[in-house]
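Asks: After the structure tokens below, expect a handful of questions from me.
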DNA sequence: TCGCAGGTGGTCG
DNA sequence: CGACCACCTGCG
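Numbering (our numbering), first residue to last: 428 to 702.
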């Protein structure tokens with residue numbers, strides 16, 4: 428079992444990264460490391476004093492998968508300086524999650540995950556994704572004493588019925604997943620906002636999440652209930668005025684909107700959890 | 001029991 | 001267009 432180690436990794440914190448709402452397949456271990464799966468590879472990551480250690484990972488896999496997945500080529504120190512500039516509130520938010528990075532995730536996995544996420548809570552979202560993978564995904568092999576599964580491919584999902592998906596407990600989202608899978612099989616993966624919004628179960632919020640987490644569009648600014656709360660609390664915008672929040676993000680954060688959103692999201696959730 | 005959780009789609013005015 | 005409202009499911 429090979430382990431790959433990278434030194435001098437900055438602006439990086441596993442809990443910040445895996446608990447900022449962008450992914451659903453990672454679990455924190457008692458020792459503070461995280462075990463999970465992406466791009467068909469189950470691994471365990473641990474990090475301390477600038478040293479990132481990835482277990483069950485070869486050098487090739489690090490270069491081909493994890494370097495990009497963890498967004499290690501981006502200078503977050505520079506980004507944080509830009510966002511802090513002239514914005515004390517943002518500087519405060521960044522302090523809550525200074526090691527956040529936007530993961531570059533598989534587009535299809537992100538589409539499925541965020542359709543499931545709508546009007547749902549995190550433990551159940553994670554449960555649905557695991558169950559869906561176990562029942563209908565391909566095996567990704569054994570690791571740390573269990574078998575891992577990938578999310579089902581579009582073709583596999585497109586051939587299922589709502590009844591087939593019953594055990595996954597997706598509720599009314601099951602028909603969205605099947606409809607989206609059928610569209611993707613027929614027309615390929617979506618590439619534009621228009622194509623995203625044409626998928627069943629994808630509205631403005633989910634589309635922005637897909638763009639940010641699955642398409643590398645860092646200017647996307649998903650507005651969910653937490654962002655509405657934080658934009659109200661921090662910038663005083665009316666809690667229900669999504670349009671004004673989107674405008675504010677465009678004007679003040681610009682190309683860095685998605686990253687700003689992550690700092691704000693992490694900040695308000697952490698604050699809420701500590702209450 | 002009932003409201004709520006990373007919203008969306010359908011229906012009105 | 002914008003404002004409502006039902007919606008699977010499970011938990012407190």
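Just so you know, even glycine gets a beta-carbon here, dropped at the ideal spot from N, CA and C.
Check the DSSP bridge columns for residue 569 and list the partner residues they point to.
Replies: Partner(s): 574.
Asks: For residue 453, which residues does DSSP report across the bridge?
Replies: The partner list for residue 453 (beta bridge, DSSP) reads 463.
Asks: If I follow the unbroken beta strand (DSSP E) through residue 469, where does it start and stop?
Replies: Here the beta strand (DSSP E) through residue 469 covers 468–475.
Asks: Going by CA-CA distance only, name the one from 477, 452, 440 and 467 that's closest to residue 459.
Replies: When only C-alpha atoms are compared, the closest one is 440.
Asks: Please state the DSSP three-state secondary structure of residue 478.
Replies: Strand, per DSSP.
Asks: Hey, residue 505 and residue 477 are a contact pair by Cβ (cut 8 Å); roughly how many whole angstroms apart?
Replies: Their Cβ separation, rounded to whole angstroms, is 17 Å, which puts residue 505 and residue 477 out of contact at 8 Å.
Asks: Taking the continuous alpha helix (DSSP H) assigned at residue 516, which residues delimit it?
Replies: 515–523 is the extent of the alpha helix (DSSP H) around residue 516.
Asks: Please tell me whether residue 627 and residue 688 are closer than 8 Å, where the distance is taken between their beta carbons.
Replies: Not in contact: residue 627 and residue 688 (Cβ atoms no closer than 8 Å).
Asks: Using beta-carbon positions only, say whether residue 530 and residue 450 come within less than 8 Å of one another.
Replies: Closer than 8 Å, so yes.
Asks: To the nearest angstrom, how far is the alpha carbon of residue 470 from that of residue 457?
Replies: Taking the straight line from one Cα to the other gives about 16 Å.
Asks: Please name the residue, chosen from 509, 633, 566 and 574, that lies closest to residue 543 on a Cα-to-Cα basis.
Replies: If we check each option's Cα against that of residue 543, 633 comes out closest.
Asks: For residue 542, does the three-state DSSP call read helix, strand or coil?
Replies: Helix at residue 542.
Asks: How should residue 601 be labelled, buried or exposed, when 16 other C-beta atoms within 10 angstroms of its C-beta is the threshold for buried?
Replies: The residue is buried, with at least 16 neighbouring Cβ atoms inside 10 Å.
Asks: So does the stretch 533–540 actually touch the stretch 605–625, counting three or more Cβ pairs closer than 8 Å?
Replies: Because the criterion of three Cβ pairs below 8 Å is met, the stretch 533–540 and the stretch 605–625 touch.
Asks: Do residue 692 and residue 652 have their C-beta atoms closer together than 8 Å?
Replies: No. Outside cutoff.
Asks: Can the beta-carbon of residue 463 be found less than 8 Å from the beta-carbon of residue 577?
Replies: Against a cut-off of 8 Å, the Cβ pair of residue 577 and residue 463 comes out as no contact.
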